[in-house]
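The number in my numbering is simply the position in the sequence shown, starting from 1, with 60 added.
Glycine included, C-beta positions come from ideal geometry on N, C-alpha and C.
The structure displayed is predicted, hence computed values, not measured ones.
See structure below.
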Amino acid sequence: MKRVIGLVIVLLTTLGLAAPPAAALPAWRTTPTTWTNPAARQPLVTDLTYAEHPRFDRVVIHVRGRLPGYRVTYHRRFFYDGSGERVPIRGGLLVALRPAYGHDTDGTDVYAGPTLVRPRLPTLKAIAKIGDFEGVVTFALGLKPRRAPYRIFRLHSPQRIVIDLKHTASAVR
Numbered sequence: 061m062k063r064v065i066g067l068v069i070v071l072l073t074t075l076g077l078a079a080p081p082a083a084a085l086p087a088w089r090t091t092p093t094t095w096t097n098p099a100a101r102q103p104l105v106t107d108l109t110y111a112e113h114p115r116f117d118r119v120v121i122h123v124r125g126r127l128p129g130y131r132v133t134y135h136r137r138f139f140y141d142g143s144g145e146r147v148p149i150r151g152g153l154l155v156a157l158r159p160a161y162g163h164d165t166d167g168t169d170v171y172a173g174p175t176l177v178r179p180r181l182p183t184l185k186a187i188a189k190i191g192d193f194e195g196v197v198t199f200a201l202g203l204k205p206r207r208a209p210y211r212i213f214r215l216h217s218p219q220r221i222v223i224d225l226k227h228t229a230s231a232v233r
């Protein structure tokens, strides 16, 4: 029985559905976060998935190649890269991955995730891919409340960037 439970935990963690052990998780934060990876050359952002958990909502960004660096900041409104048009999402987190590409060297799109979706989870209300421009792939995460605490961490084999969005008293359906 222990072996079956262990196998289930490994499978869920591999799929990005379960978190690493609690001791390994970063603290919740409400300030900008930056991480750089000088070893990243041309990582491809291939997908974005999301799910609700008992105490948080999770966004998983799937990457082929070495993980790109990232910058996570709060914004009141979002704009599409290139056009400057307003994204139809209220405030939340802007996640900029650098260097990162949603297309291969031939210009073929490799990103298979959502471009605009409204999951209506307790904290995560909307997601938009707002840019794939000059080596930066950008996502907007619409949150309620707008400055909900988050934590971000990296998982490997397969390569993923995980963003957990804490449920708060005001994050009620």
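Have a look at the DSSP bridge pairing and note the partners of residue i.
{"i": "residue 116", "result": "226"}
{"i": "residue 152", "result": "135 and 202"}
{"i": "residue 130", "result": "95 and 157"}
{"i": "residue 106", "result": "Residue 106 is not bridged to any residue."}
Assuming residue i is part of the beta strand (DSSP E), what are its boundary residues?
{"i": "residue 184", "result": "184-193"}
Using a Cβ-Cβ cut-off of 6 Å (strictly less than) and excluding sequence neighbours within five positions of residue i, which residues of its own chain qualify?
{"i": "residue 99", "result": "126"}
{"i": "residue 118", "result": "111 and 224"}
{"i": "residue 133", "result": "92 and 154"}
{"i": "residue 209", "result": "88, 90 and 226"}
{"i": "residue 122", "result": "106, 107 and 220"}
{"i": "residue 188", "result": "147, 149, 176 and 200"}
{"i": "residue 115", "result": "227"}
{"i": "residue 124", "result": "104 and 106"}
Assign residue i to one of three DSSP states: helix, strand, or coil.
{"i": "residue 87", "result": "coil"}
{"i": "residue 216", "result": "coil"}
{"i": "residue 171", "result": "coil"}
{"i": "residue 101", "result": "coil"}
{"i": "residue 64", "result": "Low per-residue confidence applies at residue 64: pLDDT is 40, beneath 50, and the placement is therefore not dependable, though the value from the model is reported in the following sentence. Three-state result, residue 64: helix."}
{"i": "residue 211", "result": "strand"}
{"i": "residue 147", "result": "coil"}
{"i": "residue 178", "result": "coil"}
{"i": "residue 221", "result": "strand"}
Please return the same chain residues whose Cβ sits closer than 7 Å to the Cβ of residue i, not counting the five positions on each side in sequence.
{"i": "residue 156", "result": "130, 131, 196 and 198"}
{"i": "residue 128", "result": "97, 100, 103, 157, 158, 159 and 160"}
{"i": "residue 145", "result": "139"}
Starting from the C-beta of residue i, find all residues in its chain whose C-beta is less than 8 Å away, skip the five residues before and the five after it, and write them out in chain order.
{"i": "residue 86", "result": "211, 212 and 213"}
{"i": "residue 164", "result": "104 and 170"}
{"i": "residue 65", "result": "For residue 65, the pLDDT reaches just 44, beneath the cut-off of 50, and the residue's location in the model is therefore unreliable, although a value from the coordinates is still provided. If we look at residue 65 and ignore the five residues flanking it on each side, it has no Cβ neighbours."}
The region 169-188 / the region 83-98 touching (three or more Cβ pairs under 8 Å): Using a C-beta cut-off of 8 Å, the region 169-188 makes no contact with the region 83-98, since fewer than three inter-stretch Cβ pairs fall below that distance.
Three-pair Cβ contact test at 8 Å for the region 160-178 versus the region 210-223: Put simply, the region 160-178 does not touch the region 210-223. Fewer than three CB pairs are less than 8 Å apart.
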